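Protein chains in written order, with my numbering: chain D, 1 to 230; chain H, 1 to 243.
Glycine included, every Cβ here is placed at the ideal spot set by N, Cα and C.
Remember, it's a predicted structure, so these values are computed and weren't measured experimentally.
What follows is a short report on a single structure.
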Amino acid sequence: MTDASAIGIAGALRAVLQRDLRIALRRRADTGSALVFFVIVVSLFPLGVGSQFELLRRMGPGVVWVAALLASMLAMGRLFADDHADGTLEQMLLSPVPLSLLVLAKTVAHWLSSGLLLVLVSPLLALQFDLGAEAAGVLLLSLLLGTPLLSLIGAVGAALTVGLRGAGVLLALLVLPLCTPALIFGAGAVESSLAGLGVAAHFSLLGAMLLLALLLAPLAAAAALRIALE
Amino acid sequence: MSWTRFAAPQRFYPLAGRAVPWFAGLALLLGVAGLYIGLLLAPTDHQQGEAYRIIFVHVPAAWMSMVIYVAMAFWAAVGLMFNTRLASMLAVALAPTGAWMTFLALWTGALWGKPTWGTWWVWDARLTSELILLFLYIGFMSLHASIDDERRADRAAAVLALVGVVNVPIIYFSVKWWNTLHQGASVSLTKAPSMATTMLWGMLIMALAFWMYSIAVALARTRVIILERERGARWVRQLLGTA
């Protein structure tokens with residue numbers, strides 16, 4: 001990070017965003033593994049519970065959402081781990097740019113390279129569960145609102161567990177209970193669309209939670225990073 | 001003399017030592033009185049028979065599970081903001097008791113559910129959010145346990161407890177709405193049964209007994225944590241005769 005007065009806060013954030021996206025592009029195997037995990041987990045369910053379309057249609061939204069939750073947590077561990085290992089994180093702490101904004105930029109970059117991929121592939125999975133075009137669209141939109149929320153909550157967990165033994169499992173343990181509201185309203189939106197009810201209420205609540213998390217999660221994650229590196 | 005005088009672990013240790021027997025004694029007395037009222041004096045319920053008597057343990061445990069989480073988050077926040085060691089120790093000492101109360105509430109709830117609704121578990125809003133509360137307690141304790149440096153562990157766990165406190169109402173209401181959406185539970189738990197006065201008294205006395213028990217155990221655990229963390233201090237070594 002160079003002098004903030006020279007490039008400004010916006011410049012610094014853009015630099016962090018570009019750097020993280022470039023790293024994600026160059027490590028395609030890492031970036032893609034969460035996506036493959038997502039597809040595998042979803043595809044395992046029909047093998048476990050049977051392939052009657054009646055059953056799959058009922059379970060589909062919830063299964064896709066739970067798998068998205070797990071895949072997000074799996075990817076979350078990488079958010080700060082590499083930067084912590086090579087000392088970049090300490091430089092970010094020393095930079096005059098507010099740490100919470102840098103965390104937000106990193107989280108956005110992380111979502112673009114993990115959560116967004118899950119969103120884009122979800123209509124294909126909806127086909128596996130015989131969800132119609134409309135339900136598949138609602139599923140895509142609910143994940144589009146929900147996965148950034150998961151990334152933001154996950155960022156707090158990633159910051160709390162950075163540099164710890166067994167950080168991956170611990171991260172999931174801390175964060176998964178906090179993600180239940182996203183799961184409820186995300187999967188609920190698809191279910192109520194299937195039942196012919198409106199989805200506006202679910203989307204409004206998901207959006208409200210996303211805004212709240214946008215405001216608070218970077219602050220909490222920045223506080224956790226300061227504690228981890230003091 | 002300011003109340004912060006006892007914020008020093010060295011001074012708090014003997015104070016807590018004097019307080020523990022009183023709280024423990026009160027817990028025992030109130031517990032015996034509450035159980036006597038609850039099990040022997042309170043009338044048999046006309047709908048549920050004798051099975052309802054588990055509320056004298058179940059309801060106080062459920063109350064404590066929530067009260068202790070708030071108390072834990074409060075002390076963790078005090079420890080984080082004012083950098084006081086004792087406040088963080090109190091938070092850490094409260095967590096296992098809170099988790100135990102949550103588990104007890106779930107367990108007795110299951111024992112109560114079987115004879116009255118015919119099932120050990122329903123995905124009711126209260127049961128589900130209580131289960132998530134147990135996960136939050138476990139997360140707090142796991143995070144604290146996996147960081148070797150105590151002060152760092154205190155502060156990180158405090159951040160988690162605060163995030164949890166913001167989330168608990170959101171979780172509660174989302175589970176509630178989810179539940180009404182699904183209309184899964186055929187039995188409504190929200191219908192308050194008209195309660196006989198003796199039942200109410202028994203429950204209130206049992207709740208007080210649980211308060212006293214929780215305070216006694218948390219203070220005793222705080223004393224142990226103080227000894228463990230201050231083991232290098234001269235007063236601890238003198239106390240333990242290892243100086």
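Neighbourhood of residue i by C-beta distance below 7 Å, restricted to the same chain and skipping five residues each side
i: Tyr13/H; result: Arg223 and Ile226
i: Tyr52/H; result: Asp45
i: Ala172/D; result: Met73
i: Thr97/H; result: Ile68, Ser214, Val217 and Ala218
i: Ser129/H; result: Ile171, Tyr172 and Val175
i: Val236/H; result: Leu227 and Glu230
i: Thr116/H; result: Gln48 and Ala51
Nearest-angstrom Cβ-Cβ length linking residue i and residue j, presumed shorter than 8 Å
i: Met298/H; j: Leu94/H; result: No answer is possible for residue 298/H: the residues shown for chain H start at 1 and end at 243.
i: Val97/D; j: Ile23/D; result: Actually they do not touch by this definition, with Cβ atoms about 19 Å apart.
i: Thr84/H; j: Ala7/H; result: 5 Å
N- and C-terminal bounds of the alpha helix (DSSP H) containing residue i
i: Asp30/D; result: Arg28 to Val49
i: Val217/H; result: Thr197 to Arg229
i: Gln91/D; result: Thr88 to Leu94
i: Leu178/D; result: Counting along the chain, Leu178/D falls outside any alpha helix (DSSP H), and DSSP gives it neither H nor E.
i: Gly113/H; result: Arg85 to Trp117
i: Ser122/D; result: Gly115 to Gln128
i: Gly146/D; result: Ala133 to Leu160
i: Val250/H; result: Outside the shown range of chain H (1 to 243) lies residue 250/H, about which nothing can therefore be said.
i: Thr128/H; result: Ala125 to Ser146
i: Ile68/H; result: Ile55 to Phe82
i: Gly196/D; result: Looking at the DSSP string, Gly196/D is not in any alpha helix (DSSP H), and its letter there is neither H nor E.
Of the listed residues the options, nearest to residue i (C-alpha basis)
i: Trp112/H; options: Gly49/H, Trp177/H, Pro96/H and Phe210/H; result: Gly49/H
i: Gly168/D; options: Leu150/D, Ala75/D and Ser113/D; result: Ala75/D
i: Ile153/D; options: Ala24/D, Leu89/D, Val103/D and Asp20/D; result: Val103/D
i: Leu70/D; options: Gln52/D, Phe45/D and Phe37/D; result: Phe37/D
i: Val156/D; options: Arg19/D, Gln18/D and Leu219/D; result: Leu219/D
i: Ala224/D; options: Ala218/H, Gly25/H, Asp148/H and Leu80/H; result: Leu80/H
i: Ala122/D; options: Gly137/D, Ala34/D, Leu112/D and Gly198/D; result: First, the residue type needs correcting, since residue 122/D is Ser and not Ala in the sequence shown. Closest option to Ser122/D, Cα to Cα, is Gly137/D.
i: Leu176/D; options: Trp201/H, Gly202/H and Phe140/H; result: Phe140/H
i: Trp22/H; options: Gly241/H, Trp211/H, Gln238/H and Arg234/H; result: Trp211/H
i: Asp148/H; options: Ala228/D, Val66/D, Asp30/D and Leu127/D; result: Ala228/D
i: Glu230/H; options: Val70/H, Leu86/H and Pro60/H; result: Leu86/H
i: Ala135/D; options: Thr107/D, Asp20/D, Leu170/D and Arg58/D; result: Arg58/D
i: Ala77/H; options: Val163/H, Ser146/H and Ala42/H; result: Val163/H
i: Gly77/D; options: Leu160/D, Ser95/D and Ser192/D; result: Leu160/D
i: Ala61/H; options: Asp124/H, Trp100/H and Asn83/H; result: Trp100/H
i: Phe74/H; options: Leu41/H, Thr119/H, Val159/H and Gly17/H; result: Val159/H
i: Ala126/D; options: Leu94/D, Ser114/D and Leu141/D; result: Leu141/D
i: Ile245/H; options: Val165/H, Thr116/H and Val59/H; result: Look at the range of chain H in this structure, 1 to 243, and you will see that residue 245/H is not part of it.
Contact set for residue i: own chain, Cβ-Cβ below 6 Å, skip 5 residues either direction
i: Met89/H; result: Thr222 and Ile225
i: Gly188/D; result: His202
i: Ser186/H; result: Bear in mind that the predicted position of Ser186/H carries a pLDDT of just 41, short of 50, making it unreliable; the figure below should be weighed with that in mind. Cβ neighbours of Ser186/H beyond the five flanking positions: none.
i: Ala209/H; result: Ala27, Leu30, Gly31 and Gly34
i: Ala222/D; result: Leu99, Ser100 and Val103
i: Asn167/H; result: none
Below-8 Å beta-carbon distance, residue i vs any chain D residue
i: Ala156/H; result: yes
i: Ala8/H; result: no
i: Trp83/H; result: According to the sequence as given, residue 83/H is Asn; it is not Trp. It does not: the Cβ of Asn83/H has no partner Cβ on chain D nearer than 8 Å.
i: Val92/H; result: no
i: Val122/H; result: no
i: Gly184/H; result: A caution first: Gly184/H carries a pLDDT of 45, below 50, which makes its placement in the model too unreliable to give a value.
i: Ser142/H; result: yes
i: Trp178/H; result: yes
i: Phe135/H; result: yes
i: Ser65/H; result: no
i: Ile171/H; result: yes
i: Arg234/H; result: no
i: Val217/H; result: no
i: Val163/H; result: yes
i: Arg126/H; result: no
i: Ile68/H; result: no
8 Å Cβ cutoff, residue i in contact with chain H
i: Leu173/D; result: yes
i: Phe203/D; result: no
i: Val41/D; result: no
i: Leu149/D; result: no
i: Pro177/D; result: yes
i: Val36/D; result: no
i: Ala224/D; result: yes
i: Val97/D; result: no
i: Gly166/D; result: yes
i: Ala228/D; result: yes
i: Pro181/D; result: yes
Partners in chain B for residue i, counting only beta-carbon separations shorter than 8 Å
i: Ile205/H; result: Absent here is chain B; the protein component of the structure consists of chains D and H.
Cβ-based neighbour list, residue i, same chain, cut-off 8 Å, excluding 5 preceding and 5 following
i: Arg11/H; result: Arg5
i: Met209/D; result: Leu149, Pro181, Ala182 and Phe185
i: Leu118/D; result: Ala34, Leu35, Phe38, Ala68, Ala71, Ser72, Leu143 and Thr147
Residue i beta carbon near the ligand COA (any heavy atom closer than 7 Å)
i: Ile9/D; result: The ligand COA is not part of this structure, which contains no ligands at all.
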